[in-house]
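Chemist: All you need for the working numbering is the position in the sequence shown, starting with 1, plus 9.
Beta carbons are placed, not taken as given, at the ideal position from N, Cα and C, and that holds for glycine.
Bear in mind the structure is a predicted one, so any value in this text is a computation, not a measurement.
Have a look at the structure that comes next, please.
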Amino acid sequence: MIENPPKHLVIFHHPKVKESLGLAEEIAAFIKKQGAVAEYSSIDDEAKRASASEADMLIALGGDGTMLRVGRLGAFNSQPVMGINLGRLGFLMDVQPQGWPDVMRRLLCGDYRLEERLMLHVAHCQNGVTLRAYEILNELAISRGAVVRPIRLQTAVDDTPLTTYVADGLIAATPTGSTAYALAVGGPILAPEVKSILLVPIAPHLCMDRALILPPESVVEVTIRTDHQALFSADGQRSTPLQDQDVLRVRASQHVARFVRMRPPTDFYKTLADRMVKNPTADKAK
Numbered sequence: 010m011i012e013n014p015p016k017h018l019v020i021f022h023h024p025k026v027k028e029s030l031g032l033a034e035e036i037a038a039f040i041k042k043q044g045a046v047a048e049y050s051s052i053d054d055e056a057k058r059a060s061a062s063e064a065d066m067l068i069a070l071g072g073d074g075t076m077l078r079v080g081r082l083g084a085f086n087s088q089p090v091m092g093i094n095l096g097r098l099g100f101l102m103d104v105q106p107q108g109w110p111d112v113m114r115r116l117l118c119g120d121y122r123l124e125e126r127l128m129l130h131v132a133h134c135q136n137g138v139t140l141r142a143y144e145i146l147n148e149l150a151i152s153r154g155a156v157v158r159p160i161r162l163q164t165a166v167d168d169t170p171l172t173t174y175v176a177d178g179l180i181a182a183t184p185t186g187s188t189a190y191a192l193a194v195g196g197p198i199l200a201p202e203v204k205s206i207l208l209v210p211i212a213p214h215l216c217m218d219r220a221l222i223l224p225p226e227s228v229v230e231v232t233i234r235t236d237h238q239a240l241f242s243a244d245g246q247r248s249t250p251l252q253d254q255d256v257l258r259v260r261a262s263q264h265v266a267r268f269v270r271m272r273p274p275t276d277f278y279k280t281l282a283d284r285m286v287k288n289p290t291a292d293k294a295k
């Protein structure tokens, strides 16, 4: 049980999921009838995202992508986030849309637990200058571009050279991201409560081909060596081009994502087993 249950909630819905707006309206009205404050908005509404810092809790309506976006937003203000799954996979979501009124009653009474998730801080450096920094909940993915040739990634851990990956790319993932792109390229699955940084090469050629699990105090530095296109993406967002000698510096973030959980911790393994037996995204193209 939580001692101070939320009194002010902001609901973010995905604008491309047609049923999400109607559900957001229903949930907001229900919360208000219970005596709490509730607002709702599209996750694409920049002004609402900025003003949501006053809320006690955020609710994400959509799929895992929506949960990642709202999770990052909540982490900046130490706000817990509850996800209601309206997507196909819903691996990060704890609540299904059926029976949400009972879930909301429990939530407003403090009948839930909080699950902390490690995040990564990534700095993109060029000629010794940091161009931009990112806070990441899933993964940093470094990859080649359209030219089907490997890139070389000189990688060091805590200022000690590790290896030069000759590969299609490299993933630096959190435990949350271990079940995403990192899993797809053969990486291990880490339990959510683990505090580690995961490195997984993508299609390595005659070089270190094993995943590496690092302690959260580690600092990973990747220097890009390439004469053709290379890119990186933070949490699957828009790709950013990389130049030869650019550096990506990865460490644990000072921010922590907090997910609201209604089910026991062991449900992570049940959800994992269910998804591995039948991938809900397999018919996405239909």
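1) Quick check on DSSP: helix, strand or coil for I20?
2) Taking DSSP's pairing of strands, which residues face A150 in a bridge?
3) Grab me the residues of D167's own chain with a C-beta within less than 7 angstroms of its C-beta, minus the 5 sequence neighbours each way, in chain order.
4) Leaving aside the five residues before and after S242 along the sequence, list all residues of the same chain whose C-beta is less than 8 angstroms from its C-beta, in chain order.
5) How would you label S60, buried or exposed, when you count the other beta carbons within 10 angstroms and need 16 or more for buried?
6) Start and end of the alpha helix (DSSP H) containing G80?
7) For the alpha helix (DSSP H) containing Y190, name the first residue and the last one.
8) Starting from M102, trace the alpha helix (DSSP H) both ways and give me its first and last residue.
9) Quick one: using the 10 Å Cβ neighbour count with 16 as the cut-off for buried, is R58 buried or exposed?
10) Which residue comes first and which comes last in the beta strand (DSSP E) that contains A297?
11) Contact check, F21 vs S50 under 8 angstroms by CB: the rounded distance?
12) Can you name the start and end residues of the alpha helix (DSSP H) that S205 belongs to?
13) Does the distance from the CB of L140 to the CB of L162 come in under 9 angstroms?
14) Just to confirm, is the Cβ distance from D255 to Q107 under 9 angstroms?
15) For A294 and V286, I'd like the C-alpha separation in whole angstroms.
16) What's the call for E230, buried or exposed, on a 16-neighbour Cβ count within 10 Å?
17) Counting pairs of Cβ atoms below 8 angstroms between the stretch 112–124 and the stretch 256–263, do you hit three or more?
18) According to DSSP, simplified to helix, strand and coil, what is R258?
19) Can you give me the C-alpha to C-alpha distance between V131 and I145, rounded to a whole angstrom?
Modeler: A quick look at the data gives this:
1) strand
2) I180 and S242
3) S227 and V228
4) L149, A150, S152, S248 and T249
5) exposed
6) D73 to F85
7) Y190 to A193
8) It is not in any alpha helix (DSSP H) - M102 carries neither H nor E in the DSSP assignment.
9) buried
10) This structure cannot speak to residue 297, because the chain is shown only from 10 to 295.
11) 6 angstroms
12) It is not in any alpha helix (DSSP H) - S205 carries neither H nor E in the DSSP assignment.
13) no
14) no
15) Model confidence at A294 stands at a pLDDT of 47, short of 50, so the residue's coordinates are unreliable and nothing is read from them.
16) buried
17) no
18) strand
19) 7 angstroms
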